[in-house]
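Protein chains: 4
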Amino acid sequence: MAVDKREKIVQASIEVFKEKGIEKTKISDIVKRADIAQGTFYLYFPSKLSVMPAVAEQIVLNFMKRIEATVSSEASLKEQLNQLVDAIFHVTGEFRDVSAIVYAGISTTEHITKWETIYTPLYEQVAAILEKNQSRNLIRDTIEPIRTSQLLLGLIESAAEQVFLFNEYEADNEAKQKAELLTFLEHALRP
Amino acid sequence: MAVDKREKIVQASIEVFKEKGIEKTKISDIVKRADIAQGTFYLYFPSKLSVMPAVAEQIVLNFMKRIEATVSSEASLKEQLNQLVDAIFHVTGEFRDVSAIVYAGISTTEHITKWETIYTPLYEQVAAILEKNQSRNLIRDTIEPIRTSQLLLGLIESAAEQVFLFNEYEADNEAKQKAELLTFLEHALRP
Amino acid sequence: MAVDKREKIVQASIEVFKEKGIEKTKISDIVKRADIAQGTFYLYFPSKLSVMPAVAEQIVLNFMKRIEATVSSEASLKEQLNQLVDAIFHVTGEFRDVSAIVYAGISTTEHITKWETIYTPLYEQVAAILEKNQSRNLIRDTIEPIRTSQLLLGLIESAAEQVFLFNEYEADNEAKQKAELLTFLEHALRP
Amino acid sequence: MAVDKREKIVQASIEVFKEKGIEKTKISDIVKRADIAQGTFYLYFPSKLSVMPAVAEQIVLNFMKRIEATVSSEASLKEQLNQLVDAIFHVTGEFRDVSAIVYAGISTTEHITKWETIYTPLYEQVAAILEKNQSRNLIRDTIEPIRTSQLLLGLIESAAEQVFLFNEYEADNEAKQKAELLTFLEHALRP
DNA sequence: AATGAATGAGAATTCATTCAT
DNA sequence: CATGAATGAATTCTCATTCAT
Chain A
9 MAVDKREKIV QASIEVFKEK GIEKTKISDI VKRADIAQGT FYLYFPSKLS VMPAVAEQIV
69 LNFMKRIEAT VSSEASLKEQ LNQLVDAIFH VTGEFRDVSA IVYAGISTTE HITKWETIYT
129 PLYEQVAAIL EKNQSRNLIR DTIEPIRTSQ LLLGLIESAA EQVFLFNEYE ADNEAKQKAE
189 LLTFLEHALR P
Chain B
9 MAVDKREKIV QASIEVFKEK GIEKTKISDI VKRADIAQGT FYLYFPSKLS VMPAVAEQIV
69 LNFMKRIEAT VSSEASLKEQ LNQLVDAIFH VTGEFRDVSA IVYAGISTTE HITKWETIYT
129 PLYEQVAAIL EKNQSRNLIR DTIEPIRTSQ LLLGLIESAA EQVFLFNEYE ADNEAKQKAE
189 LLTFLEHALR P
Chain C
9 MAVDKREKIV QASIEVFKEK GIEKTKISDI VKRADIAQGT FYLYFPSKLS VMPAVAEQIV
69 LNFMKRIEAT VSSEASLKEQ LNQLVDAIFH VTGEFRDVSA IVYAGISTTE HITKWETIYT
129 PLYEQVAAIL EKNQSRNLIR DTIEPIRTSQ LLLGLIESAA EQVFLFNEYE ADNEAKQKAE
189 LLTFLEHALR P
Chain D
9 MAVDKREKIV QASIEVFKEK GIEKTKISDI VKRADIAQGT FYLYFPSKLS VMPAVAEQIV
69 LNFMKRIEAT VSSEASLKEQ LNQLVDAIFH VTGEFRDVSA IVYAGISTTE HITKWETIYT
129 PLYEQVAAIL EKNQSRNLIR DTIEPIRTSQ LLLGLIESAA EQVFLFNEYE ADNEAKQKAE
189 LLTFLEHALR P
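This is the structure in structure tokens:
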């Protein structure tokens, strides 16, 4: 019974966004998917754009879970980077344009401050990985963990988006992109 | 005399996109800004979405001009990277979220092939800079110029966006971000 | 051809208001009657309530025309009052609740200043009648024409409304109401 | 203890009507103001429109109480009229356009019969005043008390509304309006 | 080529009313 | 009696696009 309606709306939004893209998604699509009445939507969100922060939160959560599950703290730096790239490519691929568009959608929505709050946990998670490797002397101690985790995530995400959005037809392209990216990362971080 | 109307439309689109975001921009906003009649729009573009590629082209052109004007082929690698970062930060700042939004807007439009065509010259311009430095042995010869130029641009743009969108109130933040980014780049590229 | 659309909307609004009352009238009723597209309405009026001032103007115009046509400046004071009462009863009857509701509707609409502007010509028309009779020494010279014309109109309208809205089933009631009203008026104005 | 909920609803309705007008008032506004649950409203009134008669009753009651308290049966006719005008101006001012709006609102609701029932006591109260003065030979014995009380109330109310709605910025206007009105009344009623 | 009023399908939004708790 | 979340029919409103001038 007690299925949180707000939860259902967010979940349904993500699903429909994935399928039709954000611009083409109507409130009516969302409520149909969530199996609630049209008016119920407005009990929880004042407009379509206002679901974005909640959607972003979900996606960030997905990134975090995937990273948590994929990156092994015991592995070598090279392996860890490899795992991190895999994790981010995976989630970016799963959410295709949603991840990119959420970003755009949210920036339109003047919820910029919220945006930072949402992304902070993810930044900290990756920063923690960097710090551990710093203490193992595997990466430069001149790097500032939080700031660099932001660079890392931006770099990897943009690389993933380029693969999924523009070159999606060449199969081996993803492998090449990852390889180039990994070498780039290793060099950037090495002491 | 008569300034090209097509030109005026693209220019007006960019301005309005900057102010209201793409989703909230109406054709009527664009034509008002361009000071032309509603119907005239359709003499130059078949639909609302079809301005996007032209807008993207314009922004890419801005990037290229700025890079051309800022990056000196005589300078040291460090200086060149510095100049490149400055150029990209400058243009990203000028167009605020439009650069990101064009990207999102275009992806919605299934004009993916066009997108690549539009961005290719920019990639090549930066790739050329990399190649020159490769031949000077200042950067690794294992790097693949085009692919790395994409990584570079994605990285620098995302760093710039983070500065302009989220941290825009801390004044010294831009300097710190650039510094961290530069060290990151130098390490990533050095032989 | 050149039928002013704005005009058509106002005309259609009055007709539909008369038939269904203001609260029950939908924009769609108005545009159907006016034989224009739904969107066209919004080209001329931002909302349903915003037609009210224009509707009021029309009704005031009706009052003025009817008074002009009915009241003879040659007639005796008694006759003139009789004619004035007839005119106002007639138009109030024609517009039934619209005249009353326009008044209420307009007050809701914060267009209070406009309201005064709309009614002023009517007040002046009746004031002119009073002045003429003042100069004929048929009515007190202590009365202030404009102010009293307002009282007069308010009194006659409210009497008419009482007849049409509440007592509408008793046929001879109108005659009695008019008779009482006329005696009341004559006494109020006599020197 | 528990203040009668029905009472609270009527009171809250009046307050909200005063502030937003009837058309723009939602049930949710009323229940919020009355500090009860949405559903509770329907325990006391079957529909939104059905509060109107109760609101009208309340306002009529206010008129009656004020008149009762203000008009002294011992005073001279002139004074009594003055007191009556004061009382009506006071209550009309207190309820601003609600008094007018109730009237309009009710008329929409086809509760016409009820309307008469509600107003009758007020008419009779004023008619009684007229009769007393008739028996004192201070006013014409040709006047029909009930009918004239209706005229009187309509006249005074419309005069009051004109003051409060349209001329509300000129301070001395109310005094002038009352003076003109009083002379008008005295003449209308004197034998 | 240029205009801009008109269109109307389609989407967003509202809100009186219900009903399970 | 009281609650207030949920409903969904009804309406308003938007805006890309067309087309007669």
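Residue numbers (the working numbering), protein chains in the order written: chain A, 9 to 199; chain B, 9 to 199; chain C, 9 to 199; chain D, 9 to 199.
Where is the CB? At the ideal position from N, CA and C, for every residue including glycine.
These numbers come from a predicted model, not from an experiment.
Answer yes or no: do residue i and residue j have a C-beta to C-beta separation smaller than 8 Å?
i	j	result
C:GLY162	D:GLN185	no
B:GLU15	B:SER107	no
B:ARG144	B:PRO199	no
B:LYS28	B:TYR52	no
C:ASN59	C:VAL18	Note that residue 59 of chain C is Val in the sequence shown, not Asn. Yes, these two residues count as a Cβ contact at 8 Å.
D:THR33	D:VAL24	yes
C:ALA196	D:ALA196	yes
A:PRO54	A:ILE126	no
B:THR156	A:GLU188	yes
A:ALA20	A:ALA42	yes
A:ASN141	A:LEU193	no
B:PRO129	B:MET72	yes
A:THR100	A:ALA168	yes
C:GLU31	D:GLU87	no
Would you say residue i reaches chain A, if we count a Cβ-Cβ gap shorter than 8 Å as a contact?
i	result
B:ARG200	Examination of residue 200 of chain B is not possible in this model, given that chain B is present from 9 through 199 alone.
B:LEU159	yes
B:ARG198	yes
B:HIS98	no
B:GLN170	yes
B:THR128	no
Answer with yes or no whether the minimum CB distance from residue i to chain C is below 8 Å.
i	result
D:THR191	yes
D:LEU163	yes
D:ALA136	no
D:ALA77	no
D:ALA179	no
D:GLU188	yes
D:VAL18	no
My understanding is that residue i touches residue j, with C-beta atoms under 8 Å, so please give their C-beta distance in whole angstroms.
i	j	result
A:LEU89	A:LEU190	6 Å
B:ARG74	B:LYS26	Wrong, their Cβ atoms sit about 17 Å apart, outside the cutoff.
B:GLN158	B:TYR131	6 Å
A:ILE22	A:LYS56	Actually they do not touch by this definition, with Cβ atoms about 13 Å apart.
D:VAL79	D:ILE137	6 Å
Any beta carbon from chain D within less than 8 Å of residue i's own beta carbon?
i	result
C:SER143	no
C:GLN185	yes
C:ARG14	no
C:THR33	no
C:GLU8	Since the first residue of chain C shown is 9 and the last is 199, residue 8 of chain C is not available in this structure.
C:THR2	In this structure chain C extends from 9 to 199, so residue 2 of chain C is not present and cannot be described.
C:SER36	no
Under a CB-based cut-off of 8 Å, is residue i close to chain B?
i	result
A:GLN133	no
A:ALA167	yes
A:GLU23	no
A:MET9	Below a pLDDT of 50, predicted positions are generally treated as unreliable, and A:MET9, at 45, falls in that range; no measurement from the model is reported.
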